[in-house]
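Colleague: Residue numbers for the sequence shown follow this note's numbering, beginning at 74 and rising by one. Glycine is no exception: its CB is placed at the ideal position from the N, C-alpha and C atoms. All of these numbers come straight from a predicted model, not from anything done at the bench.
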Amino acid sequence: MSVLASIENNQIHPDVRRLGRIARRLVPAMNEKFFRRGNWFMNHFAKGHFPKDMHVTEHWVNRSDDTRLRLVVASPLHPKPQATGVLWLHGGGYAMEIPEIDLTYARHIQAVSNAVVVMPDYRRSVETPYPAALDDAYLALKWLSAHHDELGVNAHQLFVAGESAGGGLTAALTLYARDQGKISIAFQMPLYPMLDDRPTASNANNDAPIWNSTSNANAWRLYLGDAYRTDDVSPYAAPARATDYRQLPPTYTFVGTIEPFYQETLTYIQQLQAAGVPAHCDVYEGWFHGVDIVAPKTGIAQKATAAWQAAFKQATKRYFSE
Numbered sequence: 074m075s076v077l078a079s080i081e082n083n084q085i086h087p088d089v090r091r092l093g094r095i096a097r098r099l100v101p102a103m104n105e106k107f108f109r110r111g112n113w114f115m116n117h118f119a120k121g122h123f124p125k126d127m128h129v130t131e132h133w134v135n136r137s138d139d140t141r142l143r144l145v146v147a148s149p150l151h152p153k154p155q156a157t158g159v160l161w162l163h164g165g166g167y168a169m170e171i172p173e174i175d176l177t178y179a180r181h182i183q184a185v186s187n188a189v190v191v192m193p194d195y196r197r198s199v200e201t202p203y204p205a206a207l208d209d210a211y212l213a214l215k216w217l218s219a220h221h222d223e224l225g226v227n228a229h230q231l232f233v234a235g236e237s238a239g240g241g242l243t244a245a246l247t248l249y250a251r252d253q254g255k256i257s258i259a260f261q262m263p264l265y266p267m268l269d270d271r272p273t274a275s276n277a278n279n280d281a282p283i284w285n286s287t288s289n290a291n292a293w294r295l296y297l298g299d300a301y302r303t304d305d306v307s308p309y310a311a312p313a314r315a316t317d318y319r320q321l322p323p324t325y326t327f328v329g330t331i332e333p334f335y336q337e338t339l340t341y342i343q344q345l346q347a348a349g350v351p352a353h354c355d356v357y358e359g360w361f362h363g364v365d366i367v368a369p370k371t372g373i374a375q376k377a378t379a380a381w382q383a384a385f386k387q388a389t390k391r392y393f394s395e
C-alpha cells in the first residue's frame, strides 16, 4: 500500500483553499468529547427546527426494546402520486449529528424530483455502538416500505442515500437488505462514504481539513468498540469488508482526491462494477471532506451538487425494483 503523503495547501482546490487553511487551524481532530459536545449543541439548537419553506413532519417508530426511533420526513410542497421514497442517512462519523443538519440534501433532491425523504435520527456511537445505527436504518426502511401508500410513495422505487458516515451506512444497509431478502432497494447514493475501518492509501496518513486520519480512527473506534483493529468486523459495519457485491442496487457517488475516503470509495465502486452492478463515481480534484456542506456556494461544490442531482433525477426515471 502506497500511503498518501501529507496534504499541502496547494493541493486544495482553489475555490476552497483559503477555507481549508483556516479549517486546519481552527477545527481540531475530532474525538469523543468533540462528538458529544456537537450532539449537545445540535439537540439544543437545531432539533425540531425546520425550514418554513419545506413541509417537514416528525414520526416515531417503536424499537424492539420499547424505545422509539424519531423520523424526520420531508414531503413535497405540491405532492404528486407515485413519489420516489428516499431514505436519507446523515453523516457525522457514526458518532454525531441529527437529521435536521441534512435537510438541505432533501431540498436538493426535491428540487429535481418528486420525492418523499425520510431521515432517521439513528443512534450514534457515543451512545450505542454498532449495530444500533444499522438496526435503526433498517427499521426506518421497513417503516418507509410499510407506509408507502399513505406517504404517496411508489413501493417499487425505494432509494437509500447519505453522506460520509451516512454514505457508509447506506452501503451497509443495502448489503443487509439484500441478504434479508424482504425489501428491495432500487438505487443507492452513498456520497463520499465512510466504508473501511482498515488503513488505506488515502486514510492512513491524511491531514486534510475538516476530517483527517485522527478523526477517522477515533470515529471507527467508537463505532466498532472492542472489534476495532481486529478482523472480527462485519461488512454490515464496514462495507469495504464485504466479499459479495452481486445483486446490489445501481449506485452513484462522488469523492474528493485529498479526503480520507478517496481510495475506499474508488475500490467500492470497482467491486460493484466487477460484480455487474451499474456504478459510477465522480472525482473532484482537491476536494476535502464535506466541501458541499461547509462551502456550498463555491464553484466546485455547486458543480458536485448539480452532478449528483442529475444522477439522482436520471435514477428516478430508470431504476425500479421488481
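Thinking Val189 and Gly158 are a contact (beta carbons under 8 Å), I'd like their distance in whole angstroms, please.
Modeller: On the sequence shown, residue 189 is found 116 positions in, with the first residue counted as 1. On the sequence shown, residue 158 is found 85 positions in, with the first residue counted as 1. About 6 Å; that satisfies the 8 Å criterion.
Colleague: Between the beta-carbon of Glu170 and the beta-carbon of His181, is there less than 7 Å?
Modeller: Locating residue 170 in the sequence shown gives position 97, counting from the first residue. Locating residue 181 in the sequence shown gives position 108, counting from the first residue. No; because the gap between Cβ atoms is not below 7 Å, this pair is not in contact.
Colleague: Quick one, are the C-beta atoms of Tyr265 and Phe334 less than 7 Å apart?
Modeller: Mapped onto the sequence shown, residue 265 falls at position 192. Mapped onto the sequence shown, residue 334 falls at position 261. Closer than 7 Å, so yes.
Colleague: What are the boundary residues of the beta strand (DSSP E) that includes Asp355?
Modeller: Position 282 of the sequence shown, counted from the first residue, corresponds to residue 355. Ala352 to Tyr357 is the extent of the beta strand (DSSP E) around Asp355.
Colleague: Thinking C-beta only, is Leu248 closer than 7 Å to Pro202?
Modeller: Here residue 202 refers to the residue found at position 129 when the sequence shown is read from its first residue. Here residue 248 refers to the residue found at position 175 when the sequence shown is read from its first residue. No. Outside cutoff.
Colleague: Could you give the uninterrupted runs of the beta strand (DSSP E) lying entirely in the region 242 to 272, keeping only those of 3 residues or more?
Modeller: The qualifying runs are 260 to 264.
Colleague: Would Glu105 pass as a contact of Val199 if the rule is Cβ separation under 7 Å?
Modeller: One-based indexing of the sequence shown puts residue 105 at position 32. One-based indexing of the sequence shown puts residue 199 at position 126. Closer than 7 Å, so yes.
Colleague: On the three-pair Cβ rule with 8 Å, is the region 352 to 372 touching the region 85 to 94?
Modeller: With the cut-off at 8 Å, the region 352 to 372 and the region 85 to 94 touch.
Colleague: Which same chain residues, not among the five before or five after Cys354, have their C-beta less than 7 Å away from its C-beta?
Modeller: Taking the sequence shown and counting its residues from 1, the one referred to as residue 354 is at position 281. Taken in chain order, the residues that qualify are Thr326, Phe327, Val328, Thr338, Leu339 and Ile342.
Colleague: Can you check the region 185 to 242 for any beta strand (DSSP E) of at least 3 residues that lies completely inside it and give the ranges in chain order?
Modeller: Fully enclosed beta strand (DSSP E) runs of 3 or longer: 188 to 193 and 226 to 236.
Colleague: Looking only at DSSP bridge pairs, what is Glu131 linked to?
Modeller: To locate residue 131, count along the sequence shown from 1; it is residue 58. Glu131 is bridged to Val145.
Colleague: Less than 7 Å separating the beta-carbons of Leu231 and Pro193?
Modeller: Taking the first residue of the sequence shown as position 1, residue 231 is located at position 158. Taking the first residue of the sequence shown as position 1, residue 193 is located at position 120. For Leu231 and Pro193, no; Cβs fall outside 7 Å.
Colleague: Below 8 Å on the Cβ atoms is my contact criterion, and I expect Ala156 with Gly111 to pass it. Report the Cβ-Cβ distance as a whole number of Å.
Modeller: Against the sequence shown, residue 156 aligns to sequence position 83. Against the sequence shown, residue 111 aligns to sequence position 38. Actually they are not in contact, since the Cβ atoms of Ala156 and Gly111 sit about 32 Å apart, beyond 8 Å.
Colleague: Identify, in the order they occur along the chain, each residue of the same chain with its Cβ nearer than 7 Å to the Cβ of Ser186, setting aside the five sequence neighbours on each side.
Modeller: Walking along the sequence shown from the start, residue 186 turns up at place 113. Correct list, in chain order: Thr157, Phe385, Lys386 and Thr389.
Colleague: Count the other C-beta atoms from every protein chain shown that fall within 10 angstroms of the C-beta of Leu99, then say buried if there are 16 or more, exposed otherwise.
Modeller: Within the sequence shown, the letter at position 26 stands for residue 99. Counting Cβ neighbours within 10 Å, Leu99 comes out exposed, since fewer than 16 surround it.
Colleague: By the DSSP assignment, the beta strand (DSSP E) with Thr324 in it spans what residues?
Modeller: Counting from one through the sequence shown, the residue named residue 324 turns up at place 251. Thr324 -> beta strand (DSSP E) spans Thr324 to Gly329.
Colleague: Can you round the beta-carbon distance between Ala259 and His229 to whole angstroms, since I take them to be within the 8 Å contact cut?
Modeller: On the sequence shown, residue 259 is found 186 positions in, with the first residue counted as 1. On the sequence shown, residue 229 is found 156 positions in, with the first residue counted as 1. Going by Cβ atoms, the distance from Ala259 to His229 rounds to 7 Å, so yes, they are a contact pair.
Colleague: Would you call Val306 buried or exposed, if buried means 16 or more other Cβ atoms sit within 10 Å of its Cβ?
Modeller: The residue labelled residue 306 in the question sits at position 233 within the sequence shown. Classification for Val306: buried.
Colleague: For Leu212 versus Leu142, is the C-beta distance shorter than 7 Å?
Modeller: Here residue 212 refers to the residue found at position 139 when the sequence shown is read from its first residue. Here residue 142 refers to the residue found at position 69 when the sequence shown is read from its first residue. Closer than 7 Å, so yes.
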